[in-house]
Structures are given as structure tokens and as C-alpha cells.
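What follows is a set of notes on a single structure, which appears directly below.
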Amino acid sequence: MICDYEGSDYRTRFWENADRAYEDAVERIAIAHMLPPRGARMAEFGAGFGRLADLYAGYDEVILLDYSRSLLEEAMQQWGHNPRFKFVAADIYHLPFAPGVLSAATMIRVIHHIADVPAALTQIRRAIAPGGTFVLEFANKRNLKAMMRYLARRQSWNPYSPEPVEFATLNFDFHPQWMLQALRNAGFDVRTKRTASYLRAGFFKRALPLRTMVRIDAALQRTASLALLSPSVFVQSVAAGQGHEAEGEGAALGGEGIFRSPRSGQPLRREGDMLVCDTDGTRWHAEDNFYDFKAPL
Ligand SMILES: C[S@@+](CC[C@H](N)C(=O)[O-])C[C@H]1O[C@@H](n2cnc3c(N)ncnc32)[C@H](O)[C@@H]1O
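In terms of my numbering, the sequence shown is residues 167 to 463.
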């Protein structure tokens with residue numbers, strides 16, 4: 167099951183018309199500390215309307231991937247003129263990439279919509295070349311607010327138990343140890359962690375200037391090695407191993423050669439405004455820098 171944002175007003179409702187400048191600013195700080203500033207080809211998985219795309223300016227090629235075509239259209243309005251960008255409509259569970267084509271990747275505010283985390287992380291790991299960096303943000307069930315609510319018996323689920331909690335349909339909070347183990351199981355070496363958004367509360371937003379909140383958060387992010395009790399956690403990990411032969415070749419692929427049929431994993435060839443797979447017979451809309459791998463034509 168996919169949490170479908172097609173046609174959603176996510177940008178205006180969640181960001182522009184809501185008081186979330188603090189969350190946006192502190193997420194940017196975490197990413198800037200964890201993502202190598204320069205590289206060949208990176209992808210943001212679940213990039214939405216491209217809120218964070220300016221952070222990827224040091225990459226030769228940037229792939230914004232999302233299941234929602236309408237959010238990608240919003241991203242294209244801002245970044246579509248830039249030849250470094252590709253916009254890919256696809257499902258994280260069925261990625262349309264050859265193995266090892268990415269030198270880095272991010273996934274921010276997305277995994278809380280993912281019911282089968284091992285399957286998604288396996289797909290992502292396969293697309294990243296060995297040694298490539300992956301920055302993941304996840305919603306932490308063992309956060310201070312949840313711990314206090316549980317203590318006061320105002321919350322039924324236990325923030326200390328390892329399994330994910332689905333607090334609303336297709337909205338999950340994760341225990342940090344569970345998520346770190348899921349990353350390792352998928353073939354990532356966990357490197358650094360950052361806590362974010364400790365001050366995510368109306369009380370702090372009313373009492374403190376934004377600049378002060380961001381400064382405090384930036385300092386608190388470095389306490390992640392002591393405790394992970396924030397509502398949002400960032401993890402920097404690296405794709406492990408030497409990689410099998412196909413992954414080694416992935417980095418050398420260029421242009422549309424990076425794409426594979428999400429049905430069969432087999433190569434595609436261009437035919438007009440389509441990419442065609444001769445092996446599984448699928449045809450995918452691909453025009454200018456927009457590629458639609460949600461459903462075949
Ligand atoms: C909360 S939004 C976050 C957008 C962006 N990362 C940001 O922080 O502004 C979640 C995004 O994940 C995308 N998404 C959810 N499940 C997906 C899936 N299975 N494959 C691809 N994208 C998915 C949604 O379409 C949506 O754009």
C-alpha cells in the first residue's frame with residue numbers, strides 16, 4: 167500500500183501556510199552535515215515538490231523521485247529548466263534504476279509512510295554504489311513527548327517497544343534501534359546520527375525567535391551520540407561492501423542508461439517519447455527530463 171499524495175496541497179497546507187520554518191531550517195542543517203557537498207549523481211527518494219533540492223547544488227546530476235506526479239510537476243516548475251535535474255515518477259518499492267548508479271541519496275519525511283521498510287531499503291541500497299552515502303530521516307517513536315504521554319497514560323502504545331507503531335493509516339513511528347538494525351540488514355554501514363526538532367511545539371514557537379530555536383536545535387543535534395529522544399532522527403550511512411559486478415558498472419552508466427524497467431530490471435531503449443523494454447514488453451512515458459515509471463503505457 168502506498169500513501170498517495172497525488173493532487174495533494176502538501177506544499178501550501180503543510181509548509182507555506184503552517185508555522186514550519188523551524189522544522190525546515192533544522193532539517194537542512196542535519197542534511198548539510200551528513201550529505202557529501204559534491205558528487206556525481208544523487209537521488210532524493212520521495213522528494214515531493216522539491217523543497218530540499220537547493221541542497222544538492224554540488225551534484226552533477228540530481229534525480230527527484232516521487233510517486234506523486236502532481237508534486238513532481240511543482241518541483242519541475244522550480245527546477246525543470248535546470249539540465250542537471252531529472253524528475254522520476256516511481257514507487258520506492260519498485261525502483262527503475264540499474265544497480266549502483268547513485269553516488270548518494272537522501273530520504274526525508276518519507277519512511278514514516280512505508281509499511282515494508284526492509285523492502286524499500288533493499289531497493290535503495292541496490293541503487294547506491296558501494297561507498298555511497300545515504301541520509302535517512304525517520305520519525306522516532308521513543309521521543310520525549312511520547313514517553314511523557316505514555317507515563318501519564320494518555321497514550322496506549324509503548325514508546326520503548328522495538329516494533330513500529332502505525333498511529334494513523336500508513337503513518338509509522340519507529341524505534342531508533344529497530345531502524346538502525348533495518349539499515350544494517352539492508353546492507354548499510356551506519357556512520358553518524360543527528361537528533362532534530364526537539365523544540366517542535368507551539369509553546370517554543372511562541373516563546374522563542376526562530377533564529378534562537380534553530381541555534382539551540384543545531385547544538386542539540388550533536389547530542390545524538392548520547393541519546394536519541396527527538397521526534398525526528400537523521401542517520402548517515404554508507405552502502406556497504408565491494409559490490410557485485412553490476413553495481414561496479416552502475417557508476418559508469420550515463421544519461422538514460424541508468425534506467426531499468428521497474429517490472430523486470432531489464433534495460434530500456436528510447437523510442438520517441440517512450441522508454442521501451444524489449445524483455446518484458448513494457449513502455450514508459452519519458453519526455454524531456456520527466457520519466458514516468460508509475461504505470462506502463
Ligand atoms: C511528507 S512528504 C515529504 C516530501 C519531501 N521529502 C519533503 O520533505 O518535503 C512524503 C512524500 O513521500 C512520497 N511517497 C510516499 N510513498 C512513496 C512511495 N512508495 N514511492 C515514492 N514516493 C512515495 C509522497 O508522494 C510524498 O511526496
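The C-beta atom is built at its ideal place from N, Cα and C for all residues, glycine as well.
Give the range of the alpha helix (DSSP H) segment to which residue i is assigned.
| i | result |
| --- | --- |
| ASN351 | 342 to 351 |
| LYS359 | Not the alpha helix (DSSP H): LYS359 falls in the beta strand (DSSP E), residues 354 to 362. |
| ILE382 | 376 to 387 |
| PHE369 | 368 to 373 |
| ALA334 | No alpha helix (DSSP H) holds ALA334; the beta strand (DSSP E) holding it covers 331 to 334. |
| ALA199 | Here residue 199 is His; the residue named in the question, Ala, does not match the sequence. Start and end: 187 to 200. |
| TYR533 | A question about residue 533 goes unanswered here, because the residues of the chain that appear run from 167 up to 463. |
Quick check: is any heavy atom of ligand 1 less than 8 Å from the C-beta of residue i?
| i | result |
| --- | --- |
| LEU218 | yes |
| MET273 | yes |
| SER234 | yes |
| ALA256 | yes |
| GLY416 | no |
| LEU237 | yes |
| VAL276 | yes |
| TRP450 | no |
| GLU193 | yes |
| TRP245 | no |
| ASP185 | no |
| GLY173 | no |
| LEU231 | yes |
| GLU240 | no |
| PHE211 | yes |
Can you tell me where the beta strand (DSSP E) holding residue i begins and where it ends?
| i | result |
| --- | --- |
| TYR225 | 225 to 232 |
| ASP339 | 337 to 339 |
I need the DSSP call for residue i, collapsed to helix, strand or coil.
| i | result |
| --- | --- |
| PHE215 | coil |
| GLY205 | strand |
| GLU239 | helix |
| GLU210 | strand |
| GLN321 | coil |
Exercise. Only counting runs of 4 or more residues, tell me where the alpha helix (DSSP H) segments fall wholly within the region 252 to 308, in order along the chain.
Key: The region 252 to 308 contains these whole alpha helix (DSSP H) runs: 283 to 293.
Quiz prompt | alpha helix (DSSP H) runs wholly inside the region 390 to 459, at least 4 long, in chain order | solution = Runs found: 411 to 416.
Quiz item: Does the count of Cβ pairs from the region 430 to 438 and the region 373 to 393 closer than 8 Å reach three?
Solution: Counting Cβ pairs under 8 Å, fewer than three are found: no touch.
Self-check item: Sufficient close CB pairs (3 or more, under 8 Å) joining the region 284 to 299 to the region 394 to 409
Solution: Segments in contact, yes.
Self-check item: contact_flag[the region 250 to 260, the region 230 to 240] where n(CB pairs < 8 Å) is 3 or more
Solution: A contact exists between the region 250 to 260 and the region 230 to 240.
Quiz prompt | Three or more C-beta pairs below 8 Å linking the region 354 to 371 and the region 264 to 272 | solution = No, they do not touch.
Quiz item: Is the region 303 to 317 touching the region 382 to 396, taking contact as three or more C-beta pairs under 8 Å?
Solution: Output reads yes: the region 382 to 396 touches the region 303 to 317.
Exercise. Spell out a yes or no on whether the region 278 to 285 and the region 344 to 359 are touching, meaning 3 or more CB-CB pairs, one atom from each, closer than 8 Å.
Key: Between the region 278 to 285 and the region 344 to 359, the count of C-beta pairs closer than 8 Å reaches three or more; the two stretches touch.
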